[in-house]
Structures are given as C-alpha cells and as structure tokens.
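Engineer:
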Amino acid sequence: MQDKRLKNADVNSFEVLNYCFAKDRHFVWCLGGEFRPYDIETFEVCDDGFNKNLMHQTFYFSDGSSADGTTQISSGYAKDKYQVYCYDHTGKVKILKGADPKTFVSCNNGKFAKDSRYIYYYFHQIKKADPKTWKLLDLEEGYSCDAKHAFRFKTCLENTDIATLSIYEFTDKEGYTTKFLKDKNGLFDLDGTRITEDKLKKDYA
20 MQDKRLKNAD VNSFEVLNYC FAKDRHFVWC LGGEFRPYDI ETFEVCDDGF NKNLMHQTFY
80 FSDGSSADGT TQISSGYAKD KYQVYCYDHT GKVKILKGAD PKTFVSCNNG KFAKDSRYIY
140 YYFHQIKKAD PKTWKLLDLE EGYSCDAKHA FRFKTCLENT DIATLSIYEF TDKEGYTTKF
200 LKDKNGLFDL DGTRITEDKL KKDYA
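What follows is the structure, encoded as structure tokens:
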C-alpha cells in the first residue's frame with residue numbers, strides 16, 4: 020500500500036474493502052502493514068475507513084508556491100466472528116479487548132464506536148460511558164456525553180450538569196476557533212479542569 024508492493028498478497032483473492040482495509044484469503048492489510056485476523060472467513064469492515072475529522076496542512080508546489088488545505092486520513096474499525104480491530108492511522112492494527120463482535124457498531128467517523136457494554140475512542144474504552152444514552156456532541160474536539168457524564172475523547176469530565184451542557188466557541192485574534200464545554204457551573208478547559216471565562220480569554224487570546 021502507498022505505492023508499495025504487497026509481497027505476500029494473493030492476486031486472485033485480493034480485494035479492497037474500504038479506504039482503510041484490504042484483504043485476500045490469508046491476510047488483511049492497512050497502512051500499518053499486514054496482519055492475520057483470528058478468522059479471515061468472517062472478517063468484515065465496520066465503516067468506510069475515513070477519519071471524518073480532516074487533517075489541516077500546507078501543500079507545497081514545485082514552483083515554490085503553497086496553499087493551505089485539508090487531507091483525508093484513514094482510520095476505522097473491522098471485526099470477525101471473535102474479535103474487533105481498530106486502525107488509528109498510526110502503528111499496527113490493534114485488538115479491542117473486551118469488545119463484543121455481535122453488538123459492535125462503528126459511528127462511521129474513524130474515531131468512535133460502541134457495543135452493548137462500552138463506548139470506544141479508537142481502541143480505548145471510555146470509562147463510565149453508558150452505550151444506551153451516549154451521544155457524540157463534537158467530533159473535532161471529541162466531546163460526548165451520556166445521561167450522567169460528559170467526556171472529551173476518552174476522559175470523563177467530573178461533576179458536569181448534563182441538563183445545561185452546551186458548546187462554547189471562542190475565536191482568537193488570529194481567527195482560530197476553539198470549542199469548550201460549558202454547563203451552568205461554568206466552562207471546562209481542554210484538559211478537563213474548570214476555567215473561568217476571563218482566564219480562558221486570556222490563555223487563548
């Protein structure tokens with residue numbers, strides 16, 4: 020992949036499954052290399068393999084000019100009859116320990132998924148998250164909540180008032196907007212601690 024020859028690939032059975040995974044009758048491939056799932060016969064992808072959070076970068080051209088833009092990166096989930104797998108665009112494919120293949124579903128954004136017992140951020144279980152009431156609030160900053168707790172990526176934000184939870188957007192002098200969680204008791208900083216509005220405006224000006 021990425022213009023490299025796949026040495027062990029079986030041409031007759033090779034197929035591209037999505038933007039993240041491909042397989043033949045023996046192996047599965049992603050940008051992290053080849054791996055052998057527990058059961059190749061029941062191996063299937065759970066999403067389209069795109070990370071819906073676009074990566075911003077600067078593109079440079081041969082004439083010396085440049086332009087700001089975005090690029091799509093690959094990440095996503097797959098499963099077989101016995102295990103669930105995650106590729107997060109870095110390193111090797113990882114197994115989601117404790118995941119239930121029968122009830123596992125991807126949120127189709129390249130970052131979040133759930134089964135009957137857990138919510139996952141890539142291959143991490145989000146502790147305290149209830150799959151029955153969990154919902155994603157903002158993909159870019161990783162904000163989500165259930166009936167009792169709020170989260171940023173895999174971290175639980177303590178003592179949150181869910182009924183008054185909202186997203187507060189702050190735009191600095193350069194025009195860059197950062198999103199913060201807010202409830203009736205105030206704002207949360209990006210590290211999950213409480214922060215006053217005055218301090219936020221000073222720190223992120």
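Position in the sequence shown counted from 1, then plus 19, gives you my numbering.
Cβ coordinates follow ideal geometry from the N, Cα and C atoms, glycine included.
1. Grab the span of the beta strand (DSSP E) containing E159 for me, first residue to last.
2. Do you know how far the Cα of H45 is from the Cα of S185?
3. With a CB to CB cut of under 7 Å and the five nearest residues on each side skipped, what residues in its chain are close to A166?
4. Taking just the CA atoms, how far does V64 sit from K220?
5. Please specify which runs of the beta strand (DSSP E), each continuous and at least 3 residues long, are wholly inside the segment 176 to 222, giving them in chain order.
6. Name the DSSP bridge partner or partners of Y140?
7. In terms of residue numbering, what span does the beta strand (DSSP E) encompassing C49 cover?
8. Give the C-beta separation of A41 and Y96 to the nearest angstrom, bearing in mind that I take them to be a contact with Cβ-Cβ under 8 Å.
9. To the nearest angstrom, how far is the alpha carbon of L209 from that of F170?
10. Let's test the definition: count the other Cβ atoms within 10 Å of the Cβ of T179 and tell me whether it reaches 16, buried, or not, exposed.
11. Going by other Cβ atoms of all chains shown within 10 Å of its Cβ, with 16 needed for buried, is D58 buried or exposed?
12. Taking the straight line between their C-alpha atoms, what separation do you get for D157 and N31?
13. Leaving out the 5 sequence neighbours to the left and right, which residues in its chain are closer than 7 Å to T183 when beta-carbon positions are compared?
14. Apply the 10 Å Cβ neighbour rule to A118 and answer buried if 16 or more other Cβ atoms are within range, or exposed otherwise.
Structural biologist: In brief:
1. That residue, E159, is in no beta strand (DSSP E); it is neither H nor E in DSSP.
2. 48 Å
3. D149, T152, I181
4. Between K220 and V64, the C-alpha separation is close to 43 Å.
5. 185 to 190, 196 to 202, 205 to 207
6. F131, H143
7. 47 to 49
8. In this structure, A41 and Y96 do not form a Cβ contact; the two beta carbons are roughly 15 Å apart against a cut-off of 8 Å.
9. About 11 Å.
10. buried
11. Classification for D58: exposed.
12. 42 Å
13. Within the same chain, T183 has close Cβ partners D202, K203.
14. buried
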